[in-house]
Amino acid sequence: MIENLLRHSENRNNKISNSSNKYDHLDWVSQQQLCVGKPSIIYLKFGIGTFETPIPYKSYYLRMDTGSELTWVQCEDCRKPGNHCFGKPPIIYTNTKSTTYYPIPCDTHELCYKGKCINGFCSYTKYYNDGSKITGILAFDAFTFGIGPGPNEITQDIVFNQVFGCNTIYHGLSSNVEIGILGLGWGPRSFISQVKTQVQDSFSYCFPFFDKTSPVSEGYFKIGSDGVSEDDFSSTALRRFGYFHHYYINLEGISVNKRKLNILPSVFARNGDEGGTLIDSGSSFTYLTPVAYLELKRVLASYFTSLKNYVPIKSDYLDLCYKGSTYVAEQLPSVTFHFSGADLLLKPENVFIWLDDPPNAFCLAMIMNKEQDTIFGAYQQSNFKFIYDRRKSLLLFKPDSCDEAA
1 MIENLLRHSE
11 NRNNKISNSS
21 NKYDHLDWVS
31 QQQLCVGKPS
41 IIYLKFGIGT
51 FETPIPYKSY
61 YLRMDTGSEL
71 TWVQCEDCRK
81 PGNHCFGKPP
91 IIYTNTKSTT
101 YYPIPCDTHE
111 LCYKGKCING
121 FCSYTKYYND
131 GSKITGILAF
141 DAFTFGIGPG
151 PNEITQDIVF
161 NQVFGCNTIY
171 HGLSSNVEIG
181 ILGLGWGPRS
191 FISQVKTQVQ
201 DSFSYCFPFF
211 DKTSPVSEGY
221 FKIGSDGVSE
231 DDFSSTALRR
241 FGYFHHYYIN
251 LEGISVNKRK
261 LNILPSVFAR
271 NGDEGGTLID
281 SGSSFTYLTP
291 VAYLELKRVL
301 ASYFTSLKNY
311 VPIKSDYLDL
321 CYKGSTYVAE
331 QLPSVTFHFS
341 GADLLLKPEN
351 VFIWLDDPPN
361 AFCLAMIMNK
371 EQDTIFGAYQ
381 QSNFKFIYDR
391 RKSLLLFKPD
401 SCDEAA
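Using UniProt numbering, read the sequence shown as starting at 1 and increasing by one per residue.
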C-alpha cells in the first residue's frame, strides 16, 4: 500500500509544473458521493454524455484534483493506430455514441488553446516532469452530477456543453481504476470555473481515512454554497500566482505538541516563481521543504527517543519509522500547521501511517520535497471539511467525521 501511495505522490509532485454552458436550472447546490480508494486517491462518480438507455449517461470514477485545470477522460480514439490507451484493460468513454458530444473546431472557442489543433479540432498536450504526457482534443458534452452509488441512480443536476478533454494519447503513466481527472483548480477550463455563476464559485469536500477492511471509504463532495456559517470554521486566504492552477495558502510555521519548531516563515513563502505552500487533493502525502522537513524529523526523533519504548526501523518508502512495544495512542504527538489567521491541528492519525507489518509500527506520513514547494496533501486533509470559497478567496476548514454534508 505505502509503495503505491508513495509512487503516486512522487508522480504527482513531479507534475506540479467565459464558456457557453447551459444548465437544467440555476443557482444549484449538489452533493456527490466521494470515494477514497487504495492507495488513498480521491475519486468522484460522474455521469458523462447522453445515451438512449434507461440510465441516459455512462458512469465513471474521475480522480478529484484541486491542482489541475482541465477535466479529461480517456476516449475511443486512443485505440487508433499511433495512439495509446492506459489501463489493463483500458476504461474508455464511448464519446461518439453520446448525442451531446461535440468536438470543438480549431480556434472557435475561448477555452481552446490558441493555435493548438489536431485534425481541425482544438487540442491539448500536458507534459509531466517524469517524461510522460497526455494528448487529446477539446469537446463539449453533458456531465451529470449528484448520481447515487448504486444501480438505481438519481440524477440531481446536468451540466450541458461542458468543455473537457477527450484524451487519445497517454504515455508513461498507468492506472487500472480511473478513466480521467476532474479538474477543480484555478483557470477558465476547470469544472468549477465553467459553472461558477451557478454554484456561487465554491465547492467543498470531506474524505475519511482509507479503511483497509473495505474496498473504498466514502466521504462527500459538494459544489455550491450550502449556507453554512463561517463562524463554525477556521479560515485562511486562498491565493493564486500567475497562471498556476494550484490553490496557495500562507503557512507561517509548524508545531509539535504545541511547541513551535525553529523554522522561519520565509521557508514556506513564495519567492518569485518558486516555493510557496499549496493545498492539493491530488497529492497523497504532505511535502515539506528540506529545511522544514529536517527540523520536524529532528524534533520527532528526539521525542520518540525520550519515550524509550519506540525502536527506529527502516522502511523502503518512508523516512522516519518506529516500532512500539505496545500501541499507546496517547503517546503519539500531534502536529499543528499555523496558517495565516488559522491553526490546523493534526491528530496522530493524520501525522503517522500504520504499517501492515510488523505490528505496532508506523511512519511519518510526510515527505521531504526536493523542490522549495510545500504541499499540504490528502492524507493530512482526512477527516476535515474544507470549503473553497473562490469568490471571497477563502479556504474554510473544521474537523468532520465525513459521514454526511452538514
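For glycine and all other residues, C-beta sits at the position ideal for the given N, C-alpha and C.
Bear in mind that the values here come from a model prediction, so they are computed numbers and not experimental data.
Please look up how many angstroms separate the CB atoms of residue i and residue j, rounded, as I've assumed it's under 8 Å.
i: HIS246; j: ASP280; result: 6 Å
i: LEU294; j: PHE268; result: At roughly 14 Å, the Cβ-Cβ gap does not stay under 8 Å, so LEU294 and PHE268 are not in contact.
i: PHE160; j: THR100; result: 6 Å
i: VAL256; j: TYR205; result: The Cβ separation is near 27 Å, so there is no contact.
i: LEU395; j: LEU288; result: About 19 Å; that fails the 8 Å criterion.
i: THR168; j: ASP77; result: 4 Å
i: TYR93; j: ARG63; result: So it is not a contact: roughly 14 Å between Cβ atoms.
i: ASP373; j: GLY272; result: Contact flag wrong, Cβ pair sits at about 13 Å.
i: LYS114; j: SER123; result: So it is not a contact: roughly 11 Å between Cβ atoms.
i: THR144; j: GLY47; result: 3 Å
i: PHE51; j: LYS45; result: About 16 Å; that fails the 8 Å criterion.
Return the residue from the list the options that minimises the CA-CA distance to residue i.
i: THR326; options: ALA361, VAL267, LYS297, ASN95; result: ALA361
i: ILE134; options: PHE121, PRO103, CYS85; result: CYS85
i: LEU261; options: LEU296, GLN331, ALA269; result: LEU296
i: LEU264; options: LYS45, ILE254, GLY272, ASP273; result: ILE254
i: MET366; options: ASP356, VAL351, ILE118; result: VAL351
i: PHE221; options: TYR170, THR286, GLY146; result: GLY146
i: GLY386; options: THR336, THR50, SER401; result: With the sequence shown as reference, residue 386 is identified as Phe, and Gly is not the correct amino acid for it. Considering only alpha carbons, the answer is SER401.
i: GLY224; options: GLN198, ARG239, PHE241, PHE210; result: GLN198
i: GLU371; options: LYS398, SER334, PHE337, GLU274; result: GLU274
i: PHE397; options: GLY272, ILE249, ASP357; result: ILE249
i: LEU300; options: ASN271, GLY272, PRO333; result: PRO333
i: PHE209; options: ARG391, TYR388, ASP389, PHE384; result: PHE384
i: SER68; options: PHE191, CYS78, PRO56; result: PHE191
i: PHE337; options: SER193, ILE92, ALA292; result: ALA292
i: GLY49; options: LYS126, PRO105, PHE140; result: PHE140
i: LEU278; options: ILE55, LEU44, GLU52, ASN369; result: ASN369
i: ASP392; options: ASN119, GLU230, ASP107; result: Inspection of the sequence shows that residue 392 is occupied by Lys rather than by Asp. Selected option, being the one with the closest Cα: GLU230.
i: ILE104; options: GLY136, LYS45, GLN194, ASN271; result: GLY136
i: ILE41; options: SER382, ASP403, GLN331, ASP389; result: SER382
i: ARG270; options: LYS114, ASP403, ARG240; result: ARG240
i: PRO348; options: GLU330, VAL311, CYS117, GLY272; result: GLU330
i: ARG390; options: GLY82, TYR57, GLY185; result: GLY185
i: TYR310; options: VAL335, LEU346, LEU318, CYS363; result: CYS363
i: GLY187; options: LYS196, ILE179, GLY180; result: LYS196
i: ARG259; options: VAL335, GLN194, SER193, PHE203; result: VAL335
i: LYS88; options: PHE121, ILE179, SER132, LYS308; result: ILE179
i: TYR61; options: PRO54, LEU34, PHE51, THR53; result: LEU34
i: GLY82; options: ASP357, HIS171, PHE203, PRO290; result: HIS171
i: SER98; options: PHE203, THR66, PRO399, ILE55; result: ILE55
I need the boundaries of the beta strand (DSSP E) containing residue i, first residue and last residue.
i: LYS58; result: 58–65
i: TYR310; result: 310–313
i: VAL256; result: 251–256
i: ALA139; result: 133–145
i: PHE339; result: 335–339
i: LYS80; result: Note, LYS80: premise wrong, no beta strand (DSSP E); not H, not E.
i: ASP343; result: 342–346
i: GLY47; result: 41–48
i: TYR317; result: First-last for TYR317: undefined, no H or E at that position.
i: LYS88; result: Here LYS88 belongs to no beta strand (DSSP E), and DSSP marks it neither H nor E.
i: SER325; result: Segment: none, SER325 is in no beta strand (DSSP E) and carries neither H nor E.
i: SER235; result: 234–237
i: GLN74; result: 72–74
Any heavy atom of the ligand FAD closer than 6 Å to the beta-carbon of residue i?
i: THR144; result: In the structure on display, the ligand FAD does not appear, and there are no ligands present to speak of.
Inset, instruction - Decide if the region 329–343 is in contact with the region 227–237; the criterion is three or more beta carbon pairs, one per stretch, under 8 Å apart. - result: yes
Inset, instruction - For the region 93–129, list the beta strand (DSSP E) runs that are entirely contained and at least 3 residues long, ordered along the chain. - result: 121–127
Legend entry - Complete runs of the alpha helix (DSSP H) confined to the region 167–231 [at least 4 residues]: 191–194
Inset, instruction - Any chance you could list the alpha helix (DSSP H) runs of at least 4 consecutive residues sitting entirely within the region 349–399, in chain order? - result: 378–381
Inset, instruction - Say whether the region 309–323 touches the region 240–255, bearing in mind that this needs 3 or more beta-carbon pairs closer than 8 Å, one atom from each stretch. - result: no
Inset, instruction - List in chain order: all unbroken beta strand (DSSP E) runs of 3+ residues lying wholly within the region 273–298. - result: With a minimum length of 3 residues, the continuous beta strand (DSSP E) runs that stay inside the region 273–298 are 274–279, 286–288.
Inset, instruction - State whether the region 64–77 contacts the region 155–170, with contact taken as three or more CB pairs (one from each stretch) at a distance under 8 Å. - result: yes
Inset, instruction - Pair every Cβ in the region 282–293 with every Cβ in the region 377–387, then say whether three or more of these pairs are closer than 8 Å. - result: Touching, per the Cβ criterion.
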